[in-house]
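Student: Chains as they are written, first to last, in our numbering: chain A, 1 to 342; chain B, 1 to 342. Don't be surprised by glycine CBs; every beta carbon is placed ideally from N, CA and C. Take a look at this one; I'll ask things after.
2 protein chains.
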Amino acid sequence: MLAAGATLLSPPSARSQTANLTLTAVPGVKVGHHTIAERPTGCTAILVEGGATAGVDVRGAAPASAETDLLKPVNLVQQVFAISLSGGSAFGLDARSGIMRYLDEKNIGFKAYGSINVPIVPAASLIDLNVGANPKIRPTADCGYRAAQAASTAPVPEGNVGAGTGATIGKSAGSARAMKAGIGSAAIRMPDGLIVAALVAVNAAGDVIDPATGKVVAGGRTENGKALADARTLLTSGAIRQPARLGENTTLGVVATNAALTKTQATKVAEMAHDGFARAIYPSHTMGDGDTIFALATGTQAGSADVSRVGALAAQVVADAIVRAARQATSIPGYPAARDLH
Amino acid sequence: MLAAGATLLSPPSARSQTANLTLTAVPGVKVGHHTIAERPTGCTAILVEGGATAGVDVRGAAPASAETDLLKPVNLVQQVFAISLSGGSAFGLDARSGIMRYLDEKNIGFKAYGSINVPIVPAASLIDLNVGANPKIRPTADCGYRAAQAASTAPVPEGNVGAGTGATIGKSAGSARAMKAGIGSAAIRMPDGLIVAALVAVNAAGDVIDPATGKVVAGGRTENGKALADARTLLTSGAIRQPARLGENTTLGVVATNAALTKTQATKVAEMAHDGFARAIYPSHTMGDGDTIFALATGTQAGSADVSRVGALAAQVVADAIVRAARQATSIPGYPAARDLH
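Spelled out as structure tokens, the structure:
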């Protein structure tokens, strides 16, 4: 049914200079990056200091995560206070401790006992240890603390920053033919006030596809390194028999909305948001990816939300954010970015 | 890495007259439909009488299913002998009993005790009760028995047959603006002998999108009923606030491969196959869809399979099958098909 007075909004790709169309479009959400200079890696803190109902869906087969068990709908805690995303594989989960410290200093957290608050900070990491010279350099608790200190409600910086600093894509034909990606973020503001936004650190085995056209934005290159090979062709022709190797991949996402969702509903939104991974990454959710999406609902919008609508919009902004992550990245040695591939 | 001598195969859409590019391309898999004349509904029997290792992933929020608990990797039974797909919502699960009777008469099943064999037949149903005049007409055990009797290794008939007889799509803007879909099937045969195939009964709330171009194949129509409205535009503009209503939707799929997979690996393949739903249906996996995919591995191909490869190919053939389901369908009163919409 057509709602009276509905108007077609500009798609997120046609950004005005003023509207914030990133994750911080959702009131109550702050984002900060810390980028490490010694090796391409870093971490990103997503703060919801007022608390947000949360869910998670881990669809990749090789995740690195923490505090995801408490997000199961049957479990006690209903709200989180931050999400930690980082490079550094399982080592990078340490960034979470720094975000906890930052929140603990402000006495923000789950009211566990008397005046004791425990900051609930679910975390996930992507593996970028193979990028750059020294795999011993990884995000630490200090990285997380600095990212939390840097967090603000400003539009989220994209590209080679934070958890996306060492992120690469298009490894189906081997990392020697890969490209650079990074952090992308997108948001949609509906006429009735609903806001749904996403931030994604894109470090996939697969290529990034623009679902609006079916075209590859960035991904595995041809053998001479000068053109896109198209993972779809490589896979279906039999040119590659192992589309995802281990130790190279994982895409991490956070979706946020001002809708009022239960924890169970937030979990469903996280599930549906993975459709954005499927649409914008090919292949996705492999044995070599640890693909994980967290969903945050701040609940400031009055009225009950239609979960299918929020979830479908979440999938949309996730796909938009992935395309932006490829387009906003900049080249590093060995990994050209879409903007530099001619 | 490029395999020596790899050649680019024709895509499944460019079918020769001779190659079987449907689910029965996998040796050991038979498919039979039974279509009910009194109301647009029916059922489909997928037989693997020699047994196949199986997995399932239920990603929609409104499923109707049976014998899916035993498919959890930790549970005992490793192989199934058929899958039952049907219309008729939860009523239609009765079709399964007829397939069991057919297999029981041949003494095919899980060796439960002495000479006692129990045919393991997981089942899922889609809701088509709202299509046609009499919702009391539903697939029964007799339907399942007849579908099993009709099963063969011939290329699978597509369109308005079997479980897809009453299947419709594009209900985001209401069922009055929906279109007809049905059964679609696709397969890919790799140079090294790996075969991955899919059969899908497409009864989605969403539109069917061709992921190769980003264009709508069939789905919700404009208010005058003469053109495609594009669910993506309806959703992101705010024109619709409830993209999926209850009681109208569910897409069912079966993927099959000749690869040797464990039950756990088959489960992962079923999970990855859902990326085909995400790519070819918009929106997908909503609260009003009971989207379910079964995976069958016959294991006749020697050597260990790369699970990411099988899963990525499964997602590909699932998307191909969905596009075919929209293109092969024929119009019924109230529901035009893609081939008839001008």
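Determine the chain B residues that contact E271/A at a beta-carbon separation under 8 Å, and present them in chain order.
Tutor: The residue you call residue 271/A lines up with position 271 of the first sequence. What E271/A touches in chain B: R59 and H285.
Student: Since I188/B meets chain A, which of its residues come closer than 9 Å, beta carbon to beta carbon?
Tutor: For this step, residue 188/B is matched to residue 188 along the second sequence. Within 9 Å Cβ-Cβ: T236.
Student: Out of R324/A, T22/A, R39/A and P119/A, state which residue places its alpha-carbon closest to the alpha-carbon of V208/A.
Tutor: Along the first sequence, one-based indexing puts residue 208/A at 208. Comparing Cα positions, the closest option is R324/A.
Student: Exposed or buried, G60/A, counting other C-beta atoms within 10 Å across all chains shown (16 or more means buried)?
Tutor: Position 60 of the first sequence, counted from the first residue, corresponds to residue 60/A. Buried, since its Cβ has 16 or more Cβ neighbours within 10 Å.
Student: Any beta carbon from chain B within less than 8 Å of K263/A's own beta carbon?
Tutor: The count along the first sequence starts at 1 and reaches residue 263/A at position 263. No - not a single Cβ of chain B is within 8 Å of the one on K263/A.
Student: Could you compute how far the alpha carbon of R101/A sits from the alpha carbon of Q78/B?
Tutor: As a working note, residue 101/A is residue 101 in the first sequence. As a working note, residue 78/B is residue 78 in the second sequence. Roughly 48 Å between the two C-alpha positions.
Student: Considering only the beta carbon of each residue, do A329/B and A181/B sit closer than 8 Å?
Tutor: Numbered from its first residue, the second sequence carries residue 329/B at position 329. Numbered from its first residue, the second sequence carries residue 181/B at position 181. Yes, these two residues count as a Cβ contact at 8 Å.
Student: Go ahead and pull the three-state DSSP assignment for H33/B.
Tutor: For the purposes of this step, residue 33/B is taken as the residue at position 33 of the second sequence. If DSSP states are grouped into helix, strand and coil, H33/B belongs with the strands.
Student: Within 8 Å (strictly less), CB to CB, does P211/A reach chain B?
Tutor: Residue mapping note: residue 211/A aligns to position 211 of the first sequence, counting from 1. So, interface residue.
Student: Rounded to whole angstroms, what's the CA-CA distance from F277/B to A315/B? Just pull it up for me.
Tutor: Along the second sequence, one-based indexing puts residue 277/B at 277. Along the second sequence, one-based indexing puts residue 315/B at 315. Rounded to the nearest angstrom, the two C-alpha atoms are 8 Å apart.
Student: Suppose contacts are defined by Cβ-Cβ distances below 8 Å. Is K30/B in contact with T22/B by that definition?
Tutor: Here residue 30/B is taken as the residue at index 30 of the second sequence, counted from 1. Here residue 22/B is taken as the residue at index 22 of the second sequence, counted from 1. Not in contact: K30/B and T22/B (Cβ atoms no closer than 8 Å).
Student: Counting only beta-carbon separations shorter than 8 Å, does K268/B have a partner in chain A?
Tutor: Taking the second sequence and counting its residues from 1, one reaches residue 268/B at position 268. Yes, because at least one Cβ of chain A sits closer than 8 Å to the Cβ of K268/B.
Student: Taking CB distances under 8 Å as the criterion, tell me whether R221/B reaches chain A.
Tutor: Position 221 of the second sequence, counting from 1, holds the residue named residue 221/B. Cβ-Cβ to chain A under 8 Å: no for R221/B.
Student: Measure from the C-beta of A312/B to each C-beta in chain E and report whether the shortest distance is under 8 Å.
Tutor: Absent from the structure: chain E. Protein chains present are A and B.
Student: With burial defined as no fewer than 16 other Cβ atoms inside 10 Å of the residue's Cβ, what is the status of N203/B: buried or exposed?
Tutor: To locate residue 203/B, count along the second sequence from 1; it is residue 203. It is buried - the Cβ of N203/B has at least 16 other Cβ atoms within 10 Å.
Student: Give a yes or no on whether the minimum CB-CB distance between V307/A and chain B is below 8 Å.
Tutor: To locate residue 307/A, count along the first sequence from 1; it is residue 307. In terms of beta-carbon proximity, V307/A lines the interface with chain B, with at least one pair separated by less than 8 Å.
Student: Look at the alpha carbon of T300/B and the alpha carbon of G303/A, and state the distance between them as a whole number of angstroms.
Tutor: Position 300 of the second sequence, counted from the first residue, corresponds to residue 300/B. Position 303 of the first sequence, counted from the first residue, corresponds to residue 303/A. When rounded, the distance between both Cα atoms is 55 Å.
Student: Secondary structure at S89/B, three-state DSSP: helix, strand or coil?
Tutor: Mapped onto the second sequence, residue 89/B falls at position 89. Look at S89/B here: in three-state DSSP terms it is helix.
Student: Once DSSP output is grouped into helix, strand and coil, what is the label at G219/B?
Tutor: For this step, residue 219/B is matched to residue 219 along the second sequence. In this structure, DSSP gives G219/B a state outside helix and strand, which the three-state scheme calls coil.
Student: I want to verify the contact list: residues of chain A whose CB lies under 8 Å from the CB of P243/B, in sequence order.
Tutor: The residue labelled residue 243/B in the question sits at position 243 within the second sequence. Simply D306, S308, R309 and A312.
Student: Compare the C-beta of Q79/B against all C-beta atoms of chain A and say whether one is closer than 8 Å.
Tutor: For the purposes of this step, residue 79/B is taken as the residue at position 79 of the second sequence. No, Q79/B lies away from the interface with chain A (no Cβ there is under 8 Å from its Cβ).
Student: Using a Cβ cut-off of 8 Å (strictly closer), state whether A198/B contacts chain A.
Tutor: Taking the first residue of the second sequence as 1, we reach residue 198/B at position 198. A198/B does not count as touching chain A.
Student: DSSP three-state call for L126/A: helix, strand or coil?
Tutor: Within the first sequence, numbered from 1, the residue matching residue 126/A stands at position 126. Of the three classes helix, strand and coil, the one that applies to L126/A here is coil, per DSSP.
Student: In whole angstroms, what is the alpha-carbon distance linking R327/A and L228/A?
Tutor: Indexing the first sequence from 1 puts residue 327/A at position 327. Indexing the first sequence from 1 puts residue 228/A at position 228. Rounded to whole angstroms, R327/A to L228/A spans 14 Å at the Cα level.
Student: Using DSSP bridges, identify the partner residues of M179/B.
Tutor: As a first step, residue 179/B must be located in the second sequence, where it is residue number 179. For M179/B, which the question treats as bridged, DSSP gives the partners I169/B.
Student: What residues from chain A crowd round Q316/B, counting only those whose CB sits closer than 8 Å?
Tutor: On the second sequence, residue 316/B is found 316 positions in, with the first residue counted as 1. Neighbours of Q316/B on chain A, chain order: R232, L235 and T236.
Student: Measuring alpha carbon to alpha carbon, tell me which of R221/B, S89/B, K106/B and G193/B ends up nearest S65/B.
Tutor: Here residue 65/B refers to the residue found at position 65 of the second sequence. S65/B has its Cα closest to that of S89/B, out of R221/B, S89/B, K106/B and G193/B.
Student: Spatial neighbours of H33/A within its chain, please: CB distance less than 7 Å, with the 5 preceding and 5 following residues excluded, ordered by chain position.
Tutor: Counted from its first residue, the first sequence places residue 33/A at position 33. Result list for H33/A: G42, T44, A147, A150, P157, V161 and G162, in chain order.
Student: Got a sec? Which residues, its chain only, sit under 6 Å from L70/B by beta carbon, not counting five neighbours each side?
Tutor: One-based indexing of the second sequence puts residue 70/B at position 70. Here the set comprises V77.
Student: Using 8 Å as the cut-off, can you tell me whether the segment 305 to 319 of chain B makes contact with the segment 277 to 296 of chain A, which would need three or more C-beta pairs spanning the two stretches below that distance?
Tutor: For the pair of segments examined, the segment 305 to 319 of chain B was found to touch the segment 277 to 296 of chain A: the number of CB pairs separated by less than 8 Å reaches three.
Student: So is R279/A in contact with chain B if we call contact Cβ pairs under 8 Å?
Tutor: Position 279 of the first sequence, counted from the start, is the residue given in the question as residue 279/A. So yes, R279/A belongs to the interface.
Student: Please decide whether A302/A counts as near chain B, where near means a Cβ-Cβ distance under 8 Å.
Tutor: Within the first sequence, numbered from 1, the residue matching residue 302/A stands at position 302. For A302/A, not one C-beta of chain B is nearer than 8 Å to its own C-beta.
Student: Please list, in chain order, all residues of the same chain as L313/A whose beta carbon is under 7 Å from its beta carbon, the five residues on each side excluded.
Tutor: By 1-based counting over the first sequence, the position of residue 313/A is 313. Within the same chain, L313/A has close Cβ partners I188 and V196.
Student: If you follow the beta strand (DSSP E) that L47/A is part of, which residue opens it and which one closes it?
Tutor: Sequence index remark: in the first sequence, residue 47/A carries index 47 (1-based). Note, L47/A: beta strand (DSSP E), T41 to V58.
Student: Anything in chain B within Cβ reach of D192/A, meaning under 8 Å, just list it in chain order.
Tutor: Here residue 192/A refers to the residue found at position 192 of the first sequence. Correct list: G238 and R241.
Student: Leaving out five residues on either side along the sequence, give the residues of the same chain with a beta carbon under 7 Å from the beta carbon of P336/A.
Tutor: Locating residue 336/A in the first sequence gives position 336, where the first residue counts as 1. These residues qualify, in order along the chain: M179 and K180.
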